[in-house]
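Structure first, then comments.
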Amino acid sequence: MKTIVNDKQETSATRIRKRIRKPRMPWKKLLLAMVAAGILCAAAGAVVFARLVDHQDIARLEEPLPAATVIYDQDGKEATRISLNAIEPVSYGSLPKPLVDAVVAVEDKRFFEHGGTDMWGISRALLTNLTSGKTVQGGSTITQQLAKNVFLTQERTWTRKWKEVLLAENIEKHYDKQQIMTMYLNQIYFGEGAWGIKRAAAAYFGKEANRLTLSESAMLAGLIKAPSALSPFKHMEQAKARRNVVLQLMKDQGKIGAAAYDAAVSEPIKLRSAEAGKGEAMKYPYYIDQLIREAGDQFGITENDVLHGGLRIYTALDTRMQQAAEQVYAQESLFPPSKPDQLIQSGAVLVDPRDGGIRALIGGRGKQPFRGFNRAVQLKRQPGSAMKPISVYTPAFERGYTPEDKLLDEPVNFGGYQPKNAGGGYHGEVTIYDAIVNSYNIPAVRLLNEMGIDAGMEAAKRFGIELTDADRTLGLALGGLSEGVSPLDMAEAFGVFANDGTRMPAHAIVRIESADGMLLAEAAPEGAAATEPAVARTMTSMLQGVVQEGTGEAAALDGRPIAGKTGTTQMPGMAEGVKDNWFVGYTPQLVGAVWLGYDRTDAAHYLTTTSKAAAAVFGKLMGEALRGEPVMAFPKANGVPKKNKNDEPPAGQGEEKPDRGKADKEDKPGKKDHDDRPGKGGKDGPKEDPGPPDKHKPDHPKGHGGGKPGKAERND
């Protein structure tokens with residue numbers, strides 16, 4: 001029997017069969033096509049990458065020196081070049097194996113395995129940085145570091161990183177690992193003026209590179225990261241800690257055994273007695289040092305960037321003033337006689353108060369290593385009476401006091417604190433003008449107590465002087481700071497008076513460009529009102545009196561108005577010893593600050609000079625610096641408006657017991673003899689004995705000879 005199927009049933013069945021017979025998606029073919037396309041793209045990428053690598057010009061590796069960094073002065077004229085012509089290359093055979101192993105361990109542990117770029121290392125560093133939330137590891141290989149130092153500008157971009165990779169790959173194609181390591185160690189900066197491993201071995205250990213021990217090799221390898229901050233001459237404990245990190249890495253990577261590690265960690269560090277690699281050949285070494293410091297602190301451009309990067313750095317430098325300052329500091333007769341075993345040191349800076357530009361800078365006397373201690377900017381010493389115009393008399397004038405107002409110079413006791421004048425005498429009722437000109441101590445302390453310590457703290461902050469809670473004492477009136485200040489700090493602060501009340505941040509760098517003209521950094525200093533113009537002019541009038549008839553007469557210049565203030569601090573534990581001499585002064589177009597003292601003060605090393613010492617150096621320095629410059633007059637002081645003093649912080653706020661003992665012990669004992677030593681008639685230094693000096697630690701804070709920051713400057 002024939003089965004009859006209706007149209008609807010036939011249609012449905014046909015549709016089902018068609019769906020069953022329809023071929024599936026060709027996913028396997030698609031996958032194969034994608035793989036093939038990927039292979040073709042990779043091959044094409046490899047070809048393009050190889051061509052890009054081949055097109056990288058690495059001929060400069062055969063040149064003896066990297067490109068020079070050019071320094072321009074304030075007029076845009078070339079002032080000097082930083083050229084690493086002190087490099088003395090050594091062969092790979094002269095490199096001890098422990099040195100190579102140490103550098104590889106700390107800088108690039110897969111150096112002998114990768115082809116210039118370590119993708120595994122980059123991935124590991126990226127993962128570590130992501131998990132830690134900050135950059136704690138870098139992925140650059142030694143070959144990449146060599147490429148960056150020799151060929152590239154220091155812009156921090158992905159483009160530069162890409163060029164670095166291409167260059168590294170091409171370097172690896174043309175040089176073997178031994179050649180790359182040799183070039184790297186021959187041109188890198190190790191600090192203390194030592195470029196290249198040969199000079200580094202001589203600078204730190206006084207020996208040839210091939211005689212370096214395992215411990216010494218590890219220390220030099222550790223310096224590569226931050227040669228200035230880790231120099232054993234200035235930071236022995238940090239240098240030892242870094243050395244031990246390198247040794248631990250060598251042990252972990254199987255380059256040394258446990259016995260060798262223990263012996264190296266225990267090996268005493270024997271530095272050469274006198275640092276090598278001085279930097280006499282470099283022009284303006286202290287100014288260059290400040291450039292490097294500013295570049296790092298303000299713009300993130302490293303020391304190696306400046307030294308090796310072929311940069312173009314435009315500055316506020318006045319080469320004539322800088323040369324004049326260097327000539328002044330070369331005149332030994334201007335400075336007090338030193339002890340045979342230690343030179344009386346000094347630091348000075350000249351700043352244009354109108355724009356904050358550092359025109360000249362001197363960081364020390366005698367032969368100093370390049371990037372050694374720069375006393376113009378790194379020093380931290382108490383300013384003594386040079387602080388009075390800032391912490392006492394400016395806030396007083398702001399509150400309505402006038403130069404004619406009377407203050408009492410008689411014995412006083414503030415909760416156990418009994419300030420005294422340097423000569424032990426008293427002068428009864430004196431005007432504020434007389435108190436400033438003769439630098440009396442007691443009136444200044446009385447006045448700060450009357451206004452309240454917060455008035456002095458707040459004024460110091462406006463003038464750019466960083467204070468802490470430890471400074472919240474009446475000792476602030478006499479410059480008894482817990483840490484201290486540098487000449488640069490004081491020059492910037494006194495620039496407020498010269499610039500009608502506006503503080504301009506002191507700076508050396510105007511802008512930085514790469515070798516091809518790309519702008520890398522630019523300074524944009526903005527002035528900040530620190531006090532009223534009328535107050536600044538009144539203070540200038542008072543400080544002119546200091547030079548004309550007061551404690552700063554040695555700073556006077558014929559035919560040129562000068563305002564300024566002396567500062568002298570007492571040697572702790574000694575009735576007549578002087579620890580620090582200061583003079584800070586200015587004309588309308590230039591501020592200068594000079595400090596004198598021993599780096600390491602103790603019972604055998606202290607100043608016996610009067611306050612004229614620093615003032616005399618200042619006078620000679622400013623006279624030479626301003627030679628040929630126009631004579632400018634200060635704006636006329638019209639006085640300050642009278643205010644209701646009772647509206648200000650009440651007296652008594654400052655009656656907590658302040659630091660005492662090492663605050664200023666200045667200044668003028670009489671018209672005939674400006675001897676400011678206690679017992680000689682001087683007028684403004686407390687006579688309390690703060691205890692014996694620290695005979696074993698230098699007075700510098702972090703970065704100069706050990707000891708806790710500021711410890712030697714406390715007025716406890």
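Per the working numbering, the very first residue in the sequence shown carries number 1; after that it's consecutive. Heads up, the beta-carbon is just placed ideally off N, CA and C, and yes, glycines get one too.
Let me know the secondary structure DSSP gives E648 once reduced to three states.
The residue labelled residue 648 in the question sits at position 648 within the sequence shown. Annotation note: pLDDT 46 at E648 (below 50); position unreliable, no value reported.
How is the beta strand (DSSP E) around I453 delimited, first residue to last?
In the sequence shown, counting from the first residue as 1, residue 453 sits at position 453. Note, I453: premise wrong, no beta strand (DSSP E); alpha helix (DSSP H) at 453-462.
Cutting at 6 Å between CB atoms, please list the residues of its own chain near A221, excluding the five before and the five after it.
As a working mapping, residue 221 is identified with position 221 in the sequence shown. Same-chain partners within the cutoff: A102, V103, V106, V246.
Here's the rule: buried if 16 or more other CB atoms are within 10 angstroms of the residue's CB, otherwise exposed. What is S333?
Walking along the sequence shown from the start, residue 333 turns up at place 333. Exposed.
How is the alpha helix (DSSP H) around Y184 delimited, first residue to last?
As a first step, residue 184 must be located in the sequence shown, where it is residue number 184. Y184 -> alpha helix (DSSP H) spans 177-187.
Top-ranked residue by Cα proximity to L311, from A523, T551, L31, R511
For the purposes of this step, residue 311 is taken as residue 311 along the sequence shown, with counting starting at 1. That would be R511, whose Cα lies nearest to the Cα of L311.
Mark M34 as exposed unless 16 or more other C-beta atoms lie within 10 angstroms of its C-beta, in which case mark it buried.
Taking the sequence shown and counting its residues from 1, the one referred to as residue 34 is at position 34. The residue in question, M34, is exposed, as its Cβ has fewer than 16 Cβ neighbours within 10 Å.
Assign S541 to one of three DSSP states: helix, strand, or coil.
Numbered from its first residue, the sequence shown carries residue 541 at position 541. If DSSP states are grouped into helix, strand and coil, S541 belongs with the helices.
Is R81 buried or exposed, if buried means 16 or more other CB atoms sit within 10 Å of its CB?
Counting from 1 along the sequence shown, the entry for residue 81 is found at position 81. Counting Cβ neighbours within 10 Å, R81 comes out exposed, since fewer than 16 surround it.
Assuming G585 is part of the beta strand (DSSP E), what are its boundary residues?
Walking along the sequence shown from the start, residue 585 turns up at place 585. Residues 578-587.
By Cβ distance, which residues of its chain are closer than 7 Å to P561, with the 5 residues on each side in sequence left out?
Against the sequence shown, residue 561 aligns to sequence position 561. Q544, T587, A633, F634.
Would you call the CB atoms of P336 and L607 closer than 8 Å?
Walking along the sequence shown from the start, residue 336 turns up at place 336. Walking along the sequence shown from the start, residue 607 turns up at place 607. It is a contact, given that the beta carbons lie within the stated cut-off.
State the CB to CB distance for the pair G206 and R272, rounded to an integer number of angstroms; the pair is presumed to be in contact (CB under 8 Å).
The sequence position of residue 206 within the sequence shown is 206, counting from 1. The sequence position of residue 272 within the sequence shown is 272, counting from 1. About 4 Å; that satisfies the 8 Å criterion.
Please classify H427: does DSSP put it in a helix, a strand, or coil?
Mapped onto the sequence shown, residue 427 falls at position 427. Coil.
Using C-beta distances below 7 Å, list every residue in its chain close to A615, excluding the 5 sequence neighbours before and after it, in chain order.
As a working mapping, residue 615 is identified with position 615 in the sequence shown. Cβ within range, chain order: G552, A554, A555, T566, F583.
Report the rounded CA-to-CA distance for P649 versus M451, giving the unit in angstroms.
Residue numbering aside, residue 649 sits at position 649 when the sequence shown is read from its first letter. Residue numbering aside, residue 451 sits at position 451 when the sequence shown is read from its first letter. Model confidence at P649 stands at a pLDDT of 39, short of 50, so the residue's coordinates are unreliable; what they give is reported in the following sentence. Those two C-alpha atoms are separated by around 6 Å.
What did DSSP end up calling E624 once you bin it into helix, strand or coil?
In the sequence shown, the residue the question calls residue 624 occupies position 624. Three-state result, E624: helix.
Which residues in the same chain have their Cβ closer than 7 Å to the Cβ of Q253, if we skip the five residues on either side of it in sequence?
In the sequence shown, counting from the first residue as 1, residue 253 sits at position 253. Closer than 7 Å at the Cβ level, and outside the excluded window around Q253, lie A105, K109.
Give me, in chain order, the residues of the same chain whose beta-carbon lies closer than 7 Å to that of H114; leave out the 5 immediate sequence neighbours on both sides.
Reading the sequence shown from its first residue, position 114 is the one you call residue 114. T141, listed in sequence order.
Whose C-beta lies closer than 7 Å to the C-beta of Q653 among residues of the same chain, with five residues either side of it excluded?
Counted from its first residue, the sequence shown places residue 653 at position 653. Because the pLDDT of Q653 is 35, which lies under 50, any placement of that residue in the model is unreliable, and the number read from its coordinates should be weighed accordingly. Excluding positions up to five away in sequence, the list reads G452, I453, D454.
Selection from Y261, Y287, Y286, T302 that minimises the alpha carbon distance to K225
Against the sequence shown, residue 225 aligns to sequence position 225. Residue T302 is the option with its Cα nearest to K225.
As assigned by DSSP and simplified to three states, the class of D240:
Here residue 240 is taken as the residue at index 240 of the sequence shown, counted from 1. For clarity, residue 240 is Lys in the given sequence; the question names Asp instead. Helix.
Would you call the stretch 487-502 and the stretch 589-604 in contact, with 3 or more CB pairs under 8 Å?
yes
If you draw a straight line from the alpha carbon of F233 to that of A239, how long is it in whole angstroms?
Locating residue 233 in the sequence shown gives position 233, counting from the first residue. Locating residue 239 in the sequence shown gives position 239, counting from the first residue. Whole-angstrom Cα-Cα distance: 9 Å.
CA-CA distance, E169 and E483?
Along the sequence shown, one-based indexing puts residue 169 at 169. Along the sequence shown, one-based indexing puts residue 483 at 483. Each residue's alpha carbon lies about 50 Å from the other.
Grab the span of the beta strand (DSSP E) containing V377 for me, first residue to last.
As a first step, residue 377 is located in the sequence shown; it is residue number 377 there, counting from the start. Where V377 is concerned, there is no enclosing beta strand (DSSP E), given that its DSSP letter is neither H nor E.
Count the other C-beta atoms from every protein chain shown that fall within 10 angstroms of the C-beta of D289, then say buried if there are 16 or more, exposed otherwise.
Taking the first residue of the sequence shown as position 1, residue 289 is located at position 289. Label assigned to D289: buried.
When the Cβ atoms of the stretch 195-213 are set against those of the stretch 89-96, are three or more pairs found closer than 8 Å?
yes
Quick test of the definition: if touching needs 3 or more C-beta pairs under 8 Å, does the stretch 402-416 touch the stretch 338-354?
no
For K339, the residue or residues it bridges with in DSSP:
For the purposes of this step, residue 339 is identified with residue 339 of the sequence shown, where counting begins at 1. Bridge partners of K339: Q342.
Residues bridged to R503 by DSSP?
Position 503 of the sequence shown holds residue 503. Beta-bridge pairing links R503 to A528.
Buried/exposed call for Q327, threshold 16 Cβ in 10 Å
Translated into the one-based positions of the sequence shown, residue 327 becomes position 327. Q327 is exposed by the Cβ-count criterion.
Alpha carbon to alpha carbon, how far is N581 from S83? Give it in angstroms, no decimals.
Along the sequence shown, read from residue 1 onward, the residue named residue 83 stands at position 83. Along the sequence shown, read from residue 1 onward, the residue named residue 581 stands at position 581. Approximately 37 Å between the Cα atoms of the pair.
Does the separation of the CB atoms of A530 and T502 fall below 8 Å?
If you number the sequence shown from 1, residue 530 lands on position 530. If you number the sequence shown from 1, residue 502 lands on position 502. Going by C-beta atoms, A530 is nearer than 8 Å to T502.
Of all the options I442, G38, Y189, Q345, which has the alpha carbon lying nearest to the alpha carbon of Q331?
As a working note, residue 331 is residue 331 in the sequence shown. Closest by alpha carbon: Q345.
Assess contact between the stretch 623-630 and the stretch 375-390, defined as three or more Cβ pairs (one per stretch) separated by less than 8 Å. Is contact present?
no
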